[in-house]
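Numbering (the working numbering), first residue to last: 5 to 351.
Ideal Cβ placement from N, Cα and C applies to all residues, glycine included.
What you are looking at is a predicted structure, and each value in this text was computed from that prediction instead of being measured.
Here the structure comes first, spelled out in structure tokens, and everything after it is commentary.
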Amino acid sequence: MSDEFIEEIDDILSDVLSDVESTSPGKPEQHITFGQSVSTERQTAIVDDRIDQLAVELEVPSATVDLAKSLRDQYRDQRGDIIGTALELVAASCLYCAVKVTEVPLDPTDFVTADDTVVTRNALLRRSKDIASTVGLDPSAFFGSEQYVDRYCDALGVTDAVNERAKEIIQITEDSGLSSGKSPSGWAAAAVYNACLDVGEKRTQQDISRIANVSEVTIRNRYQEQRAGLRNAEQLPSDPSAVIAHVAGASDVDAATKALADLLIKKARTDEYPVDEEPTLWGLAAIRRASRLTDGPIALKTLSQYTDEDSDEISTRAKQLRSVLNQAEMKNSRIKHAKQTSEPDQE
């Protein structure tokens, strides 16, 4: 394994450990069998039994269990022995490495829950790091975030649109190198949060922190890093109406709100508002104003993800758009919106 890959594994596990240490107190290990206290044959039996017990508790596939036992052999062979090492911890760590390689979406907290009398998250991650480095595991096994998205989205009860957008965010940010050295579970949690904002499904950082076992601070930091990367990778069009179309498609803006936003831009352009000088801000402001008029669900926070400018800049322009429609146009827009929203109920 190259020094660069070892360093990247070290960065990732250090990131996880940093989050662990900030959210949970340490817990002393108990009832531990050290390698030097039993024969080599007994060592193997103890490790295998503990792997099997954890696998049943965590519903780990048999192929992953077989890999964990193979890692145990490789680890002992490479080290020469496992004297001075807690056998129960070796078992848990071999299984943890195996689930990473086979992309079973389990995290350290799952292991602690399954065996909290012996395994702590800190100890598990440190021993896993040693095993990965010793046996030369493919570092990419520790880099994948996408495996966690289905699990988190399932637990949150969000739509497929959030799931798909979260995976798209992970792909974009991983391709740009932004995820390098970051905890995969934390990166996935932030991607799901970002996706919820983009699609317009309200979930808090606390909601996601609870199901992902990742601190809110980590989610907030990773979300900001991802958002900055997305703004660079997904440049918005240079026309405010095209901005509206892009955001409407990504955030599931209803047809009436989109149509009203387009009308606001058209009227503002006629009144010589500088909509083409700052197309992103004016396009977002039009959606903001239109959604207020149609009682749409598009939050200001969702819209602000598309610009580096302060959200107040969107609000200011949205207020300016209040005067571009006359009363008759406002009334016609409301009638049209009411008609469109009532039609599905009549079918």
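Spatial neighbours of E25 within its chain, please: C-beta separation below 6 Å, excluding the five flanking residues on both sides.
Its pLDDT being 49, under 50, E25 is placed unreliably in this model, and the coordinates cannot settle the point.
Can you check whether the CB of A96 is closer than 8 Å to the CB of L141?
No, they are not a contact pair.
Are the Cβ atoms of A72 and L91 separated by less than 8 Å?
Their beta carbons are not under 8 Å apart, which means A72 does not touch L91 by this criterion.
Under DSSP, the alpha helix (DSSP H) around P65 begins and ends at which residues?
Per DSSP, P65 lies in no alpha helix (DSSP H) and is assigned neither H nor E.
Proximity below 8 Å, CB of V162 to CB of R231:
No, these two residues do not count as a Cβ contact at 8 Å.
Extent of the continuous alpha helix (DSSP H) run through L285:
First-last of the alpha helix (DSSP H) with L285: 283 to 297.
Assigned exposure category for S327 - 16 Cβ within 10 Å defines buried:
S327 should be labelled exposed.
Would you call the segment 258 to 266 and the segment 211 to 231 touching, i.e. three or more CB-CB distances under 8 Å?
As far as the Cβ criterion goes, the segment 258 to 266 does not touch the segment 211 to 231, which means the pair count is below three.
Near V279, what residues of its chain come up, given a Cβ to Cβ distance below 7 Å and the 5 sequence neighbours on each side ignored?
Within the same chain, V279 has close Cβ partners P244, I269, A272, R273, W286.
Spatial neighbours of V103 within its chain, please: CB distance less than 7 Å, with the 5 preceding and 5 following residues excluded, ordered by chain position.
If we look at V103 and ignore the five residues flanking it on each side, its Cβ neighbours are V64, T68, L110.
Indicate whether I318 and V257 have their beta-carbon atoms separated by less than 8 Å.
Not a contact, by the Cβ cut-off of 8 Å.
Please list, in chain order, all residues of the same chain as K305 whose beta carbon is under 8 Å from its beta carbon, the five residues on each side excluded.
Result list for K305: L201, S315, in chain order.
In its own chain, which residues sit with a C-beta less than 7 Å from the C-beta of Q78, not counting the 5 before and 5 after it?
For Q78, where only same-chain residues beyond five positions count, the Cβ hits under 7 Å are V139.
Where in the segment 174 to 255 do unbroken runs of the beta strand (DSSP E), each at least 3 residues long, occur, reported from the N-terminal end onward?
Counting only runs that start and end inside the segment 174 to 255, there is no beta strand (DSSP E) element of at least 3 residues.
Whole-Å CB distance - R83 paired with V51, under 8 Å assumed:
About 13 Å separates the two Cβ atoms, so there is no contact after all.
Helix, strand or coil for D111 per DSSP?
Annotated three-state conformation of D111 is coil, per DSSP.
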